[in-house]
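Position one of the sequence shown corresponds to residue 146 (the numbering used here), numbered consecutively onward.
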Amino acid sequence: MAGITNGQFCSKMSIYGFDVLTIGGYNADQNAINAGLKIIERGRPEFNITENELYNHIEEEIKLIKSHNNYNGQVSVNLRSSSPKPIIEISKIKELDIIEINAHCRQPELIESRCGQALLENPEILYDFVSKVVKHCKKKVSVKIRANVVGVDDITIAKAINDAGADYIHVDAMKPGYDCADFGVIKSIKSSVDLFIIGNNSIRDVESARQMFSSGADGISVARAAINGTLPFDLSGV
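Next up, the structure:
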């Protein structure tokens, strides 16, 4: 987790011209919430919101973002859940533009709860999960994945997400052992699916952003570089 990305944080980011601001990841079902409590117990920052309170909380956070500096971009919410149902429920929020399924977080507690990265273990289950969200959700659907997970074929996962009807694939192009993104995995996914690809990982300056685009990403996301609430480089010319 790069940090707590909430309405207050995103409001600070609204001045930088991003097309989409994302809040979360939130724990959307009881399995994920229980995992989140365990993460808090070992000293990691984590949202602590009950399942009954989550809908109203997200609704208020989106209102905060869209009212700040007359922000006219889109707002996305990243959700962790072991089943599609709570994600479909959250998608009903009127002001929400994009719902993002978290198949990315690798904390052991979340994986044990069949959330986050655990969804990558079986492409058929992931396909079914995403298909249900797409079918019952009237918003655009994104799926965030982590690349280069041991035992996971990134192309098979990307094709499952594509075939399930998602609009975006958000790829953390993590390259184990390296302090840079795996641009090769972005190229491979680009040549395999028709999805809009959001490239993520190690976007820390203009050059790394340009590399991500030249590798085939249709968009990029910035996390750790903006963790302090400011963006230390100018992306307007990329």
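A virtual CB, placed ideally from N, CA and C, is assigned to each residue, including glycine.
Which residues does DSSP pair with residue i in a beta bridge?
{"i": "residue 248", "result": "290"}
{"i": "residue 225", "result": "172"}
{"i": "residue 345", "result": "317"}
{"i": "residue 302", "result": "Answer is none; residue 302 lacks a bridge partner."}
{"i": "residue 208", "result": "Looking at the DSSP assignment, residue 208 forms no beta bridge with any residue, so it has no partner."}
So, at 6 Å on beta carbons, what are the nonlocal neighbours of residue i in its own chain, with the 5 sequence-adjacent residues on each side left out?
{"i": "residue 152", "result": "206, 209, 210"}
{"i": "residue 213", "result": "156, 159"}
{"i": "residue 360", "result": "328, 331, 332"}
{"i": "residue 164", "result": "218"}
{"i": "residue 161", "result": "376"}
{"i": "residue 297", "result": "265"}
What number of angstroms, rounded off, separates the C-alpha of residue i from the C-alpha of residue j?
{"i": "residue 323", "j": "residue 347", "result": "10 Å"}
{"i": "residue 189", "j": "residue 327", "result": "26 Å"}
{"i": "residue 182", "j": "residue 191", "result": "8 Å"}
{"i": "residue 126", "j": "residue 250", "result": "A question about residue 126 goes unanswered here, because the residues of the chain that appear run from 146 up to 383."}
{"i": "residue 173", "j": "residue 231", "result": "6 Å"}
{"i": "residue 311", "j": "residue 149", "result": "25 Å"}
{"i": "residue 318", "j": "residue 262", "result": "14 Å"}
{"i": "residue 293", "j": "residue 321", "result": "8 Å"}
{"i": "residue 340", "j": "residue 364", "result": "11 Å"}
{"i": "residue 204", "j": "residue 216", "result": "16 Å"}
{"i": "residue 107", "j": "residue 169", "result": "Nothing can be reported for residue 107, as the shown portion of the chain is limited to 146 through 383."}
{"i": "residue 202", "j": "residue 369", "result": "24 Å"}
{"i": "residue 185", "j": "residue 352", "result": "36 Å"}
{"i": "residue 288", "j": "residue 314", "result": "5 Å"}
{"i": "residue 343", "j": "residue 356", "result": "13 Å"}
{"i": "residue 308", "j": "residue 272", "result": "7 Å"}
{"i": "residue 336", "j": "residue 316", "result": "14 Å"}
{"i": "residue 258", "j": "residue 252", "result": "10 Å"}
{"i": "residue 367", "j": "residue 345", "result": "7 Å"}
Looking at chain C, is there any beta carbon in it that lies within less than 9 Å of the beta carbon of residue i?
{"i": "residue 194", "result": "Looking at the structure shown, chain C is missing, and only one protein chain is on hand."}
Rounded to whole angstroms, how far is the Cβ of residue i from the Cβ of residue j, which I believe are closer than 8 Å?
{"i": "residue 290", "j": "residue 248", "result": "5 Å"}
{"i": "residue 176", "j": "residue 227", "result": "4 Å"}
{"i": "residue 244", "j": "residue 275", "result": "At roughly 11 Å, the Cβ-Cβ gap does not stay under 8 Å, so residue 244 and residue 275 are not in contact."}
{"i": "residue 280", "j": "residue 241", "result": "With 8 Å as the limit, residue 280 and residue 241 do not qualify as a contact, their Cβ atoms being about 17 Å apart."}
Keeping to the same chain, check which residues put their C-beta closer than 7 Å to that of residue i; ignore five residues upstream and five downstream.
{"i": "residue 268", "result": "301, 302, 305"}
{"i": "residue 371", "result": "158"}
{"i": "residue 350", "result": "378"}
{"i": "residue 282", "result": "233, 236, 244"}
Excluding the five sequence neighbours on either side, which residues of its own chain have a C-beta within less than 8 Å of the C-beta of residue i, listed in chain order?
{"i": "residue 277", "result": "229, 233"}
{"i": "residue 270", "result": "264"}
{"i": "residue 338", "result": "303, 304, 306, 307, 314"}
I'd like to know if the stretch 183-196 and the stretch 213-230 are in contact, where contact means that at least 3 CB-CB pairs between them fall below 8 Å.
no
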